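Engineer: Quick one: structure below, then a few questions.
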Amino acid sequence: MNKSKTTSQLIKDRQLTIEEKKLKKKNLTNLKDIESVLNNLELNESESSARVCNCMARRHPLFEIAPNCLNCGKIICSKEGLQPCSFCGSNMISNNDKQDIIKLLQHEKSEILNKPQIISHQPTAKKKQKQIVVKMNPGEKFWEAQDRAFKLAESEKQKQRQQQQEKEEEEPVVVLKKDVESDSDLVRAQENLNTLLHYQETGEERTKIIDNASDFEFPSQSIWLSPEERALNLKKQQRLNRELGLEKERSKRGERIVEMSITKDGKVKMIEKYIALKEEKSRDEINLENEIKKSKQAQQNTNNLVWDYEKDAKRWEKPIYFTTEDRKEPKQDSSVLEVKNRVQIAKNDDFDLIATLIN
């Protein structure tokens, strides 16, 4: 005979999924932890059952809720726990803090018990992968069809990557459109930043500084210049001033140089060609430049010279001194007091020096 089952029994007989088991196990461990802490807080243990350990958290792990006694400073390990200090007998946590912790833990326990376990029992449908079907044409070889399949797969992956990239690019655009009304200055700053970063990446020259003043102002009055260099700078300045005057006259007359070219289609194309008017250097200016180059080269050569001791010694001869053997020492005046020198000096040093030079 088949025994009838109630609805509750049918629910219990149903096999739990992996997610339900994990959630149930997690809730049980959380409840056990909370209950153990509540028991430790609510139980008033007697002094006879007090746990004493003097390992100073070297044998047992440190009790993180109250790592040391606030009265005597003893380090509390996990074996002693929240009991009164085994050394001085003071409480680790005040009564008000203890009651607050109990209320918080009870509130957390009630939330875990009353939390509805909403888990979809239906298995998650796997995303269907797109299959690429390649039919072999009559007379086609297998590796040719395989090559076509690989190309189709690669194009499909490229298309997916492009779609993903477009989707990622659209998201910041939508965010920017929302922020335009709130902060337009930020958008302009971001655009300028992107432009500057683009210029930095390409590295192209987009600006050209034309400093006409530096072309016509030479340091001719510098105290470090030689007379030739000052004269050369003055001549350059005069030549550039004449070129500027010719350029101004040509612009006033409206003269333009146009280059005509005929294309393959038979059309005539006119291109404006700019040729700068430049005056040739005068002979005096060229001579001054050559003189300055020669003087600088000569100065550099003299600076690179090194004194040769042997070559310089050959230019001179050793001195020779002649003396008589019957040289008499001058008589000293008795009225002059003889003062002894602290440093001992030999009297025949001069004669010895001459003898060594002759030899």
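Here the sequence shown is numbered in this note's numbering, starting from 123 and rising by one per residue.
Note that the Cβ used here is the ideal one computed from N, Cα and C, for glycine as well.
Note that the structure is predicted; figures quoted are calculated from it, not measured.
(1) Is the number of C-beta pairs between the segment 209-222 and the segment 177-192 that are closer than 8 Å three or more?
(2) Whole angstroms is fine: what's the gap from residue 382's alpha carbon to residue 389's?
(3) May I have the straight-line CA-CA distance separating residue 272 from residue 311, to the nearest angstrom?
(4) Taking only three categories from DSSP, how would you classify residue 358?
(5) Could you tell me the distance, in whole angstroms, from the CA atom of residue 206 to the CA atom of residue 232?
(6) With a CB to CB cut of under 8 Å and the five nearest residues on each side skipped, what residues in its chain are close to residue 399?
(7) Which term fits residue 202, buried or exposed, when burial requires 16 or more other beta carbons within 10 angstroms of its beta carbon?
(8) Where DSSP assigns a beta bridge to residue 391, which residues make up the other side?
(9) Thinking C-alpha only, which one of 317, 208, 197 and 220 is nearest residue 172?
(10) Could you work out which residue in 222, 385, 403 and 175 is closest to residue 200 when comparing CA atoms only?
(11) Counting along the chain, where does the alpha helix (DSSP H) carrying residue 309 start and finish?
(12) Residues in the same chain with beta-carbon distance under 6 Å from residue 245, minus the five sequence neighbours each way, listed in chain order, please.
(13) Taking the C-alpha atoms as reference points, what is the distance between residue 440 and residue 430?
(14) Exposed or buried, which one is residue 397 when buried takes at least 16 other CB atoms within 10 Å?
(15) Beta-carbon separation of residue 413 and residue 313 under 7 Å?
(16) How many angstroms separate the CA atom of residue 411 from the CA atom of residue 428?
(17) Kindly indicate the opening and closing residues of the alpha helix (DSSP H) around residue 417.
(18) Confirm, please, whether the CB-CB distance from residue 407 to residue 357 is below 7 Å.
(19) If you check the beta carbons only, do residue 401 and residue 361 fall under 7 Å apart?
(20) Just to confirm my understanding: we take residue 392, look at its own chain, exclude 5 residues before and 5 after, and list those with CB closer than 6 Å. What are they?
(21) Under the three-state reduction of DSSP, which class applies to residue 243: helix, strand or coil?
(22) Can you pull the DSSP bridge partners for residue 190?
(23) Would you give the residue range spanned by the alpha helix (DSSP H) that residue 229 belongs to?
(24) Going by DSSP in three states, residue 204 sits in which element: helix, strand or coil?
(25) Taking the alpha-carbon of residue 180 as reference, which of 188, 186, 187 and 197 has the nearest alpha-carbon?
(26) Would DSSP call residue 366 helix, strand or coil?
(27) Please state the DSSP three-state secondary structure of residue 399.
Structural biologist: Checking against the coordinates, here is how it stands:
(1) yes
(2) 10 Å
(3) Roughly 46 Å separates the two Cα atoms.
(4) helix
(5) So the alpha carbons of these two residues sit roughly 29 Å apart.
(6) 365, 368, 369 and 372
(7) buried
(8) As computed with DSSP, residue 391 is found in a beta bridge with 383.
(9) The option with the nearest alpha carbon to residue 172 is 208.
(10) 175
(11) 306-324
(12) Interpretation of residue 245 is limited by its pLDDT of 48, a score under 50 that renders its predicted location unreliable; no figure is taken from the coordinates.
(13) Going by the C-alpha atoms only, they are around 18 Å apart.
(14) exposed
(15) no
(16) 29 Å
(17) 405-425
(18) yes
(19) Taking 7 Å as the cut-off, the beta carbon of residue 401 is found closer than this to the beta carbon of residue 361.
(20) 380 and 382
(21) Confidence in residue 243 is poor, its pLDDT being 46 and thus under 50, which makes the residue's placement unreliable; the coordinate value appears in the next sentence. Note: residue 243 maps to coil in three-state DSSP.
(22) 197
(23) 217-236
(24) coil
(25) 197
(26) helix
(27) coil
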